[in-house]
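Peer 1: What follows is a single structure, and I will ask about it in a moment.
Number of protein chains: 2
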Amino acid sequence: MRFDNRVTQMLDVEIPIVQAPMGWIARSPLAAAVSNAGALGIIETSSGELDAIRVEITRMRELTDKPFGVNIAQAFVRDPGIVDFVVEQGVRFVTTSAGDPTRYTRQLKDAGLVVFHVVPTLRAAQKAVDAGVDGLVVEGGEGGGFKNPRPVSTLVLLPLVRSKVSVPIIAAGGICDGASMAAAFALGAEGVQMGTRMVSAAESPVGEGWKKAIVEAPETGTVFLRQEKGPALRALRTERTERLERGEGQPMAELAAGVSEVYFEGNVGAGVALSGQVAGRIESVEPVADVIAQTVREFGEAASALGRYAP
Amino acid sequence: MRFDNRVTQMLDVEIPIVQAPMGWIARSPLAAAVSNAGALGIIETSSGELDAIRVEITRMRELTDKPFGVNIAQAFVRDPGIVDFVVEQGVRFVTTSAGDPTRYTRQLKDAGLVVFHVVPTLRAAQKAVDAGVDGLVVEGGEGGGFKNPRPVSTLVLLPLVRSKVSVPIIAAGGICDGASMAAAFALGAEGVQMGTRMVSAAESPVGEGWKKAIVEAPETGTVFLRQEKGPALRALRTERTERLERGEGQPMAELAAGVSEVYFEGNVGAGVALSGQVAGRIESVEPVADVIAQTVREFGEAASALGRYAP
Numbered sequence: 017m018r019f020d021n022r023v024t025q026m027l028d029v030e031i032p033i034v035q036a037p038m039g040w041i042a043r044s045p046l047a048a049a050v051s052n053a054g055a056l057g058i059i060e061t062s063s064g065e066l067d068a069i070r071v072e073i074t075r076m077r078e079l080t081d082k083p084f085g086v087n088i089a090q091a092f093v094r095d096p097g098i099v100d101f102v103v104e105q106g107v108r109f110v111t112t113s114a115g116d117p118t119r120y121t122r123q124l125k126d127a128g129l130v131v132f133h134v135v136p137t138l139r140a141a142q143k144a145v146d147a148g149v150d151g152l153v154v155e156g157g158e159g160g161g162f163k164n165p166r167p168v169s170t171l172v173l174l175p176l177v178r179s180k181v182s183v184p185i186i187a188a189g190g191i192c193d194g195a196s197m198a199a200a201f202a203l204g205a206e207g208v209q210m211g212t213r214m215v216s217a218a219e220s221p222v223g224e225g226w227k228k229a230i231v232e233a234p235e236t237g238t239v240f241l242r243q244e245k246g247p248a249l250r251a252l253r254t255e256r257t258e259r260l261e262r263g264e265g266q267p268m269a270e271l272a273a274g275v276s277e278v279y280f281e282g283n284v285g286a287g288v289a290l291s292g293q294v295a296g297r298i299e300s301v302e303p304v305a306d307v308i309a310q311t312v313r314e315f316g317e318a319a320s321a322l323g324r325y326a327p
Numbered sequence: 017m018r019f020d021n022r023v024t025q026m027l028d029v030e031i032p033i034v035q036a037p038m039g040w041i042a043r044s045p046l047a048a049a050v051s052n053a054g055a056l057g058i059i060e061t062s063s064g065e066l067d068a069i070r071v072e073i074t075r076m077r078e079l080t081d082k083p084f085g086v087n088i089a090q091a092f093v094r095d096p097g098i099v100d101f102v103v104e105q106g107v108r109f110v111t112t113s114a115g116d117p118t119r120y121t122r123q124l125k126d127a128g129l130v131v132f133h134v135v136p137t138l139r140a141a142q143k144a145v146d147a148g149v150d151g152l153v154v155e156g157g158e159g160g161g162f163k164n165p166r167p168v169s170t171l172v173l174l175p176l177v178r179s180k181v182s183v184p185i186i187a188a189g190g191i192c193d194g195a196s197m198a199a200a201f202a203l204g205a206e207g208v209q210m211g212t213r214m215v216s217a218a219e220s221p222v223g224e225g226w227k228k229a230i231v232e233a234p235e236t237g238t239v240f241l242r243q244e245k246g247p248a249l250r251a252l253r254t255e256r257t258e259r260l261e262r263g264e265g266q267p268m269a270e271l272a273a274g275v276s277e278v279y280f281e282g283n284v285g286a287g288v289a290l291s292g293q294v295a296g297r298i299e300s301v302e303p304v305a306d307v308i309a310q311t312v313r314e315f316g317e318a319a320s321a322l323g324r325y326a327p
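As you go down the protein sequences, you meet chains A and B in turn.
Going by this note's numbering, the first residue of the first sequence is number 17, and it counts up by one from there.
Going by this note's numbering, the first residue of the second sequence is number 17, and it counts up by one from there.
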């Protein structure tokens with residue numbers, strides 16, 4: 017199975033799968049495993065812990081000689097020096113998200129980086145293309161984490177954006193295996209991003225309780241949390257998040273307060289465990305290399321099966 | 017482009033596209049156009065107007081010599097004689113929805129009909145298979161109309177159900193063209209159902225204002241309306257439905273009260289105009305035959321493109 021398209025070329029990877037930049041989770045142990053498997057690991061900045069993240073980026077150089085990327089989560093990065101640091105570290109690929117695509121694109125492009133902007137709507141996609149990005153991460157509302165308050169599913173959003181822009185697209189939201197990757201390619205993507213599948217991977221640093229909760233979740237096992245201001249969130253369904261879904265309490269505040277217990281101790285009831293609907297499709301904790309290899313194998317099978325319908 | 021799979025065989029059609037059974041809309045002018053185009057038209061019963069529907073089923077015999085189907089919306093059909101009537105009219109294909117799959121499946125199967133049950137979750141799918149249905153309509157939460165209060169996107173739900181049952185699947189929710197049809201096939205479907213695309217077709221009986229509202233809607237142009245009891249609804253975003261989305265008012269009551277103005281006069285602000293997210297992808301009113309022909313052509317192109325990735 018050999019991929020050769022604009023995403024593999026721009027990202028300089030064999031396999032056009034990108035690991036999503038989950039706050040606190042997308043650090044060197046996970047990201048290096050993804051890059052070493054031939055896909056692209058990404059280091060997060062949405063935790064806002066920039067000193068720790070500088071160390072993580074440095075560590076990546078020790079853990080892999082393959083390319084990796086950094087996500088600049090604009091709403092959470094108050095230090096504009098992050099761009100210089102990323103450039104100095106020799107990072108070649110950046111995703112920007114949670115903010116205005118005009119803010120960093122020129123500076124990053126001038127430094128020679130490849131920039132993909134994360135978008136949840138067609139309007140955001142067009143704005144990013146106008147800002148000069150190289151490509152888009154098109155993110156459907158079934159995905160986990162921070163979301164547009166008016167979620168649009170990947171099956172609708174991706175082909176819509178594809179029909180209106182010419183830059184390459186990485187699909188996010190609802191992707192966890194080869195069948196969903198093949199569907200994304202049928203809709204016009206040239207790469208996919210996986211979040212929840214990576215949160216639940218063996219190399220993910222989250223507590224075992226969180227991985228177990230993903231494995232046990234049904235497909236209806238997430239909630240979509242709106243806030244009066246700011247983004248919505250998709251998270252695992254618990255008593256706490258069902259209360260937040262009813263509008264009682266502040267999702268962002270309870271997410272922040274529970275980070276330590278949820279993320280590192282794996283006690284998903286103690287806060288807000290961000291997760292996509294694919295939690296309902298994940299049945300075991302697997303090493304990243306196995307996830308990637310199986311996805312590629314299944315993708316090939318799905319491509320062959322659909323190819324038999326070719327006229 | 018030639019399809020030949022379990023859905024084309026069971027439905028006795030050339031093209032495995034099914035028109036969704038929208039209340040008041042899925043009547044003989046629209047359904048006959050779909051059947052005459054080589055796909056499968058369906059007559060609705062969710063309007064509850066069974067006398068009118070008996071006339072519609074009789075009319076289908078005059079308008080087409082191709083197969084067509086009937087949907088039995090169990091929550092809205094109080095007269096169990098509907099099954100005998102459907103059988104007497106020589107209908108060979110039925111979808112059942114909005115209720116317990118054990119209720120009519122045996123009776124319909126004994127009469128020699130092919131029965132597909134509409135399901136929004138894996139649990140519902142397994143229950144329907146246990147009841148002996150021939151196949152499933154697997155309906156993602158991005159679709160319009162009556163919905164499970166815990167919506168799951170087609171990209172997640174369809175491959176999950178595919179991995180757990182062996183009966184053929186018709187995908188619904190998010191399907192409006194060849195790219196989305198190809199994605200559904202990559203996820204394991206052998207047929208697709210289109211609702212909003214057919215509501216906005218030239219032969220659809222709805223008022224022009226409703227078709228125009230679909231054509232002009234962005235992809236974020238629907239709302240998901242929860243109710244204290246009963247199903248949720250997905251409908252076009254209007255001032256009224258945004259109010260209902262905030263929990264003010266009764267969606268079902270406002271839907272019922274506005275049927276005449278919304279459905280026949282096309283005044284979408286006067287009630288609840290059910291619609292899927294694909295409203296954001298529909299850019300013109302087209303005759304059904306053109307929609308079907310273009311979908312088949314695009315499907316073939318997408319299948320060829322994905323087939324080039326086959327190992």
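Think of the CB as a built atom: it goes at the ideal place given N, C-alpha and C, for glycine as much as any other residue.
Just so we're clear, the structure is a prediction, and the values are computed from it rather than from any experiment.
(1) Would you identify the three-state DSSP class for K245 (chain A), choosing helix, strand or coil?
(2) Assess, as a yes-or-no matter, whether the stretch 227 to 236 of chain A is touched by the stretch 259 to 277 of chain A under the definition of 3 or more beta carbon pairs within less than 8 Å.
(3) Identify each residue in the stretch 163 to 193 of chain B for which the Cβ-Cβ distance to at least one residue of chain A is less than 7 Å, and report them in chain order.
(4) Is the Cβ of L66 (chain A) closer than 7 Å to any Cβ of chain B?
(5) Can you list the residues of chain A that E235 (chain B) reaches, using a CB-CB cut of under 7 Å?
(6) Identify every residue that forms a DSSP beta bridge with N87 (chain B).
(7) For chain B, find out if any of its Cβ atoms is closer than 7 Å to the Cβ of R242 (chain A); answer yes or no.
(8) Quick one: which residues of the stretch 192 to 212 of chain A get their C-beta closer than 7 Å to a C-beta of chain B? List them in chain order.
(9) Is there contact between the stretch 249 to 262 of chain A and the stretch 82 to 98 of chain A, where contact requires at least three CB pairs shorter than 8 Å?
(10) Do the stretch 29 to 38 of chain A and the stretch 206 to 214 of chain A touch if we need at least three Cβ pairs shorter than 8 Å?
(11) Got a sec: is the Cβ-Cβ distance from G160 (chain A) to anything in chain B below 7 Å?
(12) Does chain E have any CB closer than 7 Å to the CB of R22 (chain B)?
(13) Enumerate, from N- to C-terminal direction, the unbroken alpha helix (DSSP H) stretches of 4 or more residues contained entirely within the stretch 55 to 107 of chain B.
(14) Are three or more beta carbon pairs between the stretch 236 to 248 of chain B and the stretch 297 to 308 of chain B nearer than 8 Å?
(15) If you run the structure through DSSP and keep just helix, strand and coil, what is M210 (chain B)?
(16) F132 (chain B) by DSSP, collapsed to three states: which one?
(17) In or out: T74 (chain A) buried (at least 16 other Cβ within 10 Å) or exposed?
(18) What residue from B:F132, B:Y120 and B:A127 has the CA that sits closest to G85 (chain B)'s CA?
(19) For D193 (chain B), count neighbouring Cβ atoms within 10 angstroms of its own Cβ and tell me buried if that reaches 16, exposed if not.
(20) Output the distance between the C-alpha atoms of L79 (chain A) and E60 (chain A), rounded to the nearest integer angstrom.
(21) For the stretch 165 to 183 of chain A against the stretch 183 to 197 of chain B, do three or more pairs of beta-carbon atoms, one drawn from each stretch, fall closer than 8 Å, so that the two count as touching?
(22) Assuming V99 (chain B) and L66 (chain B) make a contact with CB atoms under 8 Å, what is their CB distance in whole Å?
(23) In angstroms, rounded to a whole number, what distance separates the CA positions of A91 (chain A) and V183 (chain B)?
(24) If distances are taken between C-alpha atoms only, which option among A:R178, A:G128, A:G161 and A:R119 comes closest to R139 (chain A)?
(25) Any idea which residues DSSP pairs V152 (chain B) with across the strands?
(26) Give the C-beta separation of P117 (chain A) and A89 (chain A) to the nearest angstrom, bearing in mind that I take them to be a contact with Cβ-Cβ under 8 Å.
(27) Using a Cβ-Cβ distance under 7 Å, would M17 (chain A) count as near chain B?
(28) Roughly how many angstroms lie between the CA atoms of D195 (chain A) and A144 (chain B), to the nearest whole one?
(29) Is the beta carbon of G323 (chain B) closer than 7 Å to that of A326 (chain A)?
(30) Do R259 (chain A) and P165 (chain A) have their C-beta atoms within less than 7 Å of each other?
(31) Give the residues of chain B in contact with R250 (chain A), contact being defined as C-beta atoms less than 7 Å apart.
(32) Count the other C-beta atoms from every protein chain shown that fall within 10 angstroms of the C-beta of D126 (chain B), then say buried if there are 16 or more, exposed otherwise.
(33) Between which residues of its own chain and F240 (chain A) is the CB-CB distance below 8 Å, once the five residues before and five after are set aside?
(34) When you compare the CB of Q25 (chain A) with every CB in chain B, is at least one pair closer than 7 Å?
(35) DSSP state of L138 (chain B), grouped into three classes?
(36) Does the distance between the C-beta of S220 (chain A) and the nearest non-hydrogen atom of the ligand SAM fall short of 6 Å?
Peer 2: Considering the structure as presented:
(1) coil
(2) no
(3) R166, V168, S169, T170, L171, V172, L173, P175, L176 and G190
(4) no
(5) T137, L138, V168, V172, L173 and L176
(6) B:T111
(7) no
(8) A195, S196, A198, A199, F201, A202, L203 and G204
(9) no
(10) yes
(11) no
(12) In the structure shown, chain E does not exist; the protein chains are A and B.
(13) 66 to 79 and 97 to 104
(14) no
(15) strand
(16) strand
(17) exposed
(18) B:F132
(19) buried
(20) 16 Å
(21) yes
(22) Actually they do not touch by this definition, with Cβ atoms about 12 Å apart.
(23) 47 Å
(24) A:R178
(25) A small correction: the amino acid at residue 152 (chain B) is Leu; Val does not occupy that position in the sequence shown. DSSP, once it has assigned bridges, lists B:H133 and B:I185 as partnering L152 (chain B).
(26) Not confirmed; about 13 Å, so no contact.
(27) yes
(28) The question names Asp, but residue 195 (chain A) is Ala in the sequence shown. Distance between the alpha carbons of A195 (chain A) and A144 (chain B): 24 Å.
(29) yes
(30) no
(31) Chain B residues near R250 (chain A): none, gap ~11 Å exceeds 7 Å.
(32) exposed
(33) G157, K163, P167, A248, L249, R250 and E261
(34) no
(35) helix
(36) Because no ligand of any kind appears in the structure shown, any question about the ligand SAM cannot be addressed here.
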